[in-house]
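Note that the numbering used here has the sequence shown beginning at 2, numbered continuously upward.
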Amino acid sequence: MNKLPFVLSLFVFPAAASASDAEYNANSAAWNAINLSSAYEEGLSGKGVTVAVIDNGFRKTHQEFTGDGKFTLIGDYAQNHGTSVASLIGAAQNDLGMQGVAYNASLLAFAAKDIGTDDYSASACLNCKTTEDILVTLKDSAYNDVKIINASWGGNEEDADITAALENIPDKLFIAAAGNEMELNPNWPALSPKSADKLKNVINVVAFDPAASKSDSSYLASFTNLAGDAANWTIAAPGVGIYAATETGNAEYSGDLDGTSVAAPIVSGAAALVQEKFSFLSGKQIGDVLLTTANNDFSGFSAYAEQQLTDEDGDTAYRIVYFTDNKAGENEAVVTQDDVIKQLGLTCNEEKTSCTKDGETYEFASITYAQAYGAGILDVGKALKGLGALDGSRMDSAIYTLEIPEKFDVVFSNDISQRNTTEALGFEKTGEGTLTLSGKNTYKGDTSVSAGTLKLTGALEGGAKTGGTGKLVVDGAAIAGAVDIAAGTTASISKGSVAGAWSNSGKTEVSGGTLSGEVGNAGVLTMTGGALTGGLKNQSAFTMKGGSLAATASETAALINEGTFNYYAGTLGGTIQNTDSAVFNNHGVLETVAVSGGELNNKEGATIGSSFSVKKFTNEGNIALLTDANGDLLKMTVEEAVLTKGQFTAATSVLAMYNDEKTYTVLEASSSLAVGSGFKDSIRLIGLVDGKMVKSGNSLNMTVTYLNMSDPANMPELDAKELSVAKAIDKMFKTDGNKEFRGYYYQSGTELKKTINTVRDQIQAVRNQSLPLSGTVANNVYSHLFQIRSQREVIPALRNQTPQFRYRGRYYRGRSGGDDVSTAKIWAQALGGHARFGVSGKTSRSTQKSDTVGGQFGFDWQSSDDFLLGLTAGFAHTRSAQDGDRMIVQDYRAGVYAGTRFGRVNVDAVVLGGVQRYEGRRKTDITGLSAISKSSYNGYTVEGGINAGYTLGLLPRRDHSFGLRPYVGANVAYTHQDAYKEKGEVSAINLSVSDANDTSVSIQPGVQLSYIWADAVLTLDAGWQRLLTGGNPTTTAYFINDASRTSFESLTEDADKDYLSLSVGLESNLSRRTRLKLWADQKRSDNNVISTLSAAVQYAF
2 MNKLPFVLSL FVFPAAASAS DAEYNANSAA WNAINLSSAY EEGLSGKGVT
52 VAVIDNGFRK THQEFTGDGK FTLIGDYAQN HGTSVASLIG AAQNDLGMQG
102 VAYNASLLAF AAKDIGTDDY SASACLNCKT TEDILVTLKD SAYNDVKIIN
152 ASWGGNEEDA DITAALENIP DKLFIAAAGN EMELNPNWPA LSPKSADKLK
202 NVINVVAFDP AASKSDSSYL ASFTNLAGDA ANWTIAAPGV GIYAATETGN
252 AEYSGDLDGT SVAAPIVSGA AALVQEKFSF LSGKQIGDVL LTTANNDFSG
302 FSAYAEQQLT DEDGDTAYRI VYFTDNKAGE NEAVVTQDDV IKQLGLTCNE
352 EKTSCTKDGE TYEFASITYA QAYGAGILDV GKALKGLGAL DGSRMDSAIY
402 TLEIPEKFDV VFSNDISQRN TTEALGFEKT GEGTLTLSGK NTYKGDTSVS
452 AGTLKLTGAL EGGAKTGGTG KLVVDGAAIA GAVDIAAGTT ASISKGSVAG
502 AWSNSGKTEV SGGTLSGEVG NAGVLTMTGG ALTGGLKNQS AFTMKGGSLA
552 ATASETAALI NEGTFNYYAG TLGGTIQNTD SAVFNNHGVL ETVAVSGGEL
602 NNKEGATIGS SFSVKKFTNE GNIALLTDAN GDLLKMTVEE AVLTKGQFTA
652 ATSVLAMYND EKTYTVLEAS SSLAVGSGFK DSIRLIGLVD GKMVKSGNSL
702 NMTVTYLNMS DPANMPELDA KELSVAKAID KMFKTDGNKE FRGYYYQSGT
752 ELKKTINTVR DQIQAVRNQS LPLSGTVANN VYSHLFQIRS QREVIPALRN
802 QTPQFRYRGR YYRGRSGGDD VSTAKIWAQA LGGHARFGVS GKTSRSTQKS
852 DTVGGQFGFD WQSSDDFLLG LTAGFAHTRS AQDGDRMIVQ DYRAGVYAGT
902 RFGRVNVDAV VLGGVQRYEG RRKTDITGLS AISKSSYNGY TVEGGINAGY
952 TLGLLPRRDH SFGLRPYVGA NVAYTHQDAY KEKGEVSAIN LSVSDANDTS
1002 VSIQPGVQLS YIWADAVLTL DAGWQRLLTG GNPTTTAYFI NDASRTSFES
1052 LTEDADKDYL SLSVGLESNL SRRTRLKLWA DQKRSDNNVI STLSAAVQYA
1102 F
């Protein structure tokens, strides 16, 4: 075979000194096209890697090859071709000229005597071997670390000796140039695997122009041979306009090298970077990485390529390469052959294989992108993330095996697919090192580990399994298939999911994640977290210390125990089905999980629910009593029972409702029952409920007794008023047999004390301070009178000049009849409010909240500048909520008011009467009962108040002037609420509540500050209210069904005595007769917050 170097053009010029970034920039278009910077960002440079270069000769003294061990030449012959090729692989980064792809790699250069010279003459190589002999030499153990061989040469005929030599070095990667004859197939030896099926270590390299756009028809190099029959082992690399060293001088370079001869060493340099990162890979596996990570997304590529080649005689051949699988049209539509022919102005034969244009003949070839570019465009960044696919054409079996040596911790982060086969391909990890697969892997077969650790953090479309001494770690992966853990191996899952079955014959630890397939255990399986939803079949040792185990993923899922099941903690859903020889050991709390069959051992300190039926039961812990759907206690049925220690107790998750003084059979043994001295026969089940155990034959009976709540010996925490409630409850339950009250006895101590006081608090009368209009109507009147008085402070002659009497620059009359002071005025006010009322520490109730809407009306009659008389009326609707209780109050008020002044002293008074309508809802929420009682009743109020103030600053005068008025007020209020009887579905708990009466007296000093701003008045009112007497109405109540009317008193604690209030107002004139006032007020005490918003409009006529 005549072997020729594949280079088309060469231009030589002196080198210029440059920095390392300039060295990169010498080939920046090429390096950027293959994403080379990704390697440098990782700190990779080919260090520690040796690449063999077989070529026609090298200039070993070139400045790019200096340095100890950098360049080794075997066969002494200086030729430009080999020099340029080697420099593209590993030219040093030394601030001179350019750098190779793997600039820190070592170069092992072989000058071959059977490769033609640059001018195609016979080689004059001294001490040189043939290419075949060189390949044989590289098989020597001295070159075991040399995994990459570059061959930028070839011919149009196969050399069987070279093919055979390549077959003898299957673990070395042979990277060969495709050739520059514009052929549809590459030259030999790049085409060698076509005749040798087992030859998987060859990569064919075609060239593209890195300076062209992929959408340009010139992107595919015009001269390059294509992938053709070598598509499965072909990759595309930059091969046009490449800058490289030459042999013409030690500092000489060419800046315009074209050819697949320069594309091949770029791939070899990339291979060296992959070897540096993944040094455990064989040469063939490095090739797998490069080929399967090449960019084969041809969207956006031109629908055709234009090629032309001029031979030595000056004759030019033309070819149009049409890509049949293009998506270059609008919306990724296919551009047809006819579209291309029309676009290029070609005239073609009927077969569309030959065309003409302007007297020239064009070959018209229709192929796929893969037949041109092979696997795709070289992508160094992606290659450094590991395998990109399992390629059936490069595998001898359906399993791809990868050995990771000890001390290696490797991550493959690409999404690994499978291709070139319909067979399901699998992946096997061997070696003592660690491999992490973090991508979304879609190959169809299983992923296995037979040694070392395989960590899964991405996704698997297939399943996973272990063998040998392998360890599987699932840490976030989504596995669609099944998982099989072999004996002698280990596995763990901390997060992620497994959809298929999980079969364990080794040792598995589950600390997180979800297993939705059935879990079969024939080894040791420990669960501390996560969720198993597909059921369990345990044939060996299963330990649960956390997580959740259920059989909800399918109708056939179940929890079957054929071995030993040790439970400590976690959530179990469903019945544990023991076989006859199985053992279930409970070390935790399992109240609601049923166990059937086999042996059940309830260990000391543990709790098991009474819903089990087993052959043998041994108890050292607590047995929680459960009820069936009808509320009856569940009876445990066993063949043999041994109660050595422990006791029965009330379940806390599903509480049983016991009947007073009733005897229950709680355990029945068909064969034998042994009760040891350590098992308690007298117990406090819960609250004030006792149980007494008596053995009768092979049965164990329990008599339930409810203790008297009103007995101070049982409830020493209760005071006299609280004991009166307890007495009423005892009467209803213990004496009259109303079962609705038994939930109270499931509490004791402080908890029961608070429950009793909650009942007392629920019957407390509504305090006057809590009524929506108490104080509000009177305060609104006082504020209104202050505003009216401030208007009358201005003599008529000056009113047109003062801000208080202007609106939008015009005069506001505020009355009819000109300057006549005997005027009338009406005003209306909308109210809104929100309040929060504190709760007593004697209850466990939450804060009471209420919302109010309402309004107020007024009519002023002013007889002089010093005296005003008026009428007012208001209404409000309030909704209050506290836990499950609700109260609706309708409040109506009406009355008269008057205001007068003596110089700077002014006195205002208000007298009001009102009626209220109450709609209440009280909720009883105790164990076993949640019921609503409703009430409806009326009430009335009488309220009188007086407010006296002294005007220190008069309003209005002019813009930005102030007014100040300290004041003191007093208020007397009488409140009455009618007695009422509740109604509800559960009549036994309904109450009859007495009426309530309260007289309260309060004083309120404060100060008002006003400020004139434009046509508006801003007012700030700060005050303090002190409740002198009253405010604590008391009621009594009894249960309606209680014939003896055992009564108790409401919870009446001292009301808050002191309130601080702060109000902000804004007043302005809307028109000649209309005025607007906005008001915000908040009152605070130690426990209560009452907020009010109002908007008032007054109209003068």
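Glycine included, every Cβ here is placed at the ideal spot set by N, Cα and C.
In this structure, the CA atom of glutamate 669 is about 11 Å from the CA atom of alanine 675. Note on geometry: alpha-carbon atoms of arginine 60 and isoleucine 75 lie some 12 Å from one another.
The beta carbon of arginine 905 sits closer than 7 Å to the beta carbons of Tyr951 and Thr952 from its chain, once the five residues preceding and following it are set aside; these are given in chain order. Assignment of leucine 656 by DSSP, reduced to helix, strand and coil, places it in the coil class.
Here the alpha carbon of glycine 47 sits roughly 16 Å from the alpha carbon of lysine 386.
Between aspartate 737 and asparagine 709, the C-beta gap is not smaller than 8 Å, which leaves the two residues out of contact. Runs of the beta strand (DSSP E) lying entirely within the region 502-548 and spanning at least 3 residues, in chain order: 503-505, 508-516, 520-522, 525-533 and 537-539. Annotation: glutamine 1009 to leucine 1061 spans about 14 Å, alpha carbon to alpha carbon. With contacts defined as CB atoms closer than 8 Å, alanine 106 and valine 52 qualify as a contacting pair. A distance of 8 Å or more separates the beta carbons of aspartate 996 and glycine 1007.
Residue state for proline 239 is assigned as strand, using DSSP reduced to three classes.
The way I'd put it, the region 560-577 does touch the region 587-606; three or more beta-carbon pairs between them come closer than 8 Å. Residue range 997-1014 is occupied by the beta strand (DSSP E) that includes proline 1006.
Here phenylalanine 324 is bridged, per DSSP, to Ile368. With 16 or more neighbouring CB atoms inside 10 Å of its own CB, serine 881 falls in the buried class. In the DSSP annotation of this structure, the continuous segment of the alpha helix (DSSP H) that includes tryptophan 32 starts and ends at 29-34.
Of the other Cβ atoms in all chains shown, 16 or more fall within 10 Å of the Cβ of glutamine 308; this residue is therefore buried. Per the C-alpha coordinates, the member of Ser142, Leu345 and Gln64 positioned closest to asparagine 251 is Gln64. In this structure, the beta-carbon distance from glycine 946 to valine 908 does not fall below 8 Å. Note: alanine 273 is not bridge-paired with any residue in the DSSP secondary-structure output. No residue range can be given for tyrosine 745, since it is assigned to no beta strand (DSSP E) and is classified by DSSP as neither H nor E.
Within the DSSP bridge table, the entry for proline 967 names Val1008 as partners. C-alpha of isoleucine 243 to C-alpha of alanine 103: approximately 16 Å in a straight line.
Between the alpha carbons of leucine 426 and valine 450 lies a gap of roughly 15 Å. Our two residues, glutamine 748 and isoleucine 757, have alpha carbons roughly 10 Å apart in a direct line. Annotation for threonine 509: Ile486, Ala492 and Leu526 place their beta carbon closer than 6 Å to its own, counting only its chain and skipping 5 residues before and after. By the neighbour-count criterion, in which a residue is buried when 16 or more other Cβ atoms sit within 10 angstroms of its Cβ, proline 239 is buried.
About 6 Å separates the Cβ atoms of valine 86 and aspartate 56, confirming a contact at the 8 Å cut-off.
Between the alpha carbons of phenylalanine 618 and asparagine 602 lies a gap of roughly 6 Å. Bridge pairing for asparagine 702: Thr666 and Val695 [DSSP]. Around the beta-carbon of glutamine 286, 16 or more other beta-carbon atoms lie within 10 Å, marking it buried.
Exclusion of the five residues before and after threonine 1047 leaves Lys728, Ala729, Lys732 and Tyr1039 as the residues of its chain whose Cβ lies within less than 7 Å of its Cβ. Residue pairing for alanine 483: DSSP places it in no beta bridge. With a threshold of 16 other beta carbon atoms within 10 Å, lysine 754 meets it and is buried.
Per DSSP, glutamine 100 lies in no alpha helix (DSSP H) segment and is marked neither H nor E. Here DSSP, grouped into helix, strand and coil, assigns asparagine 758 to helix.
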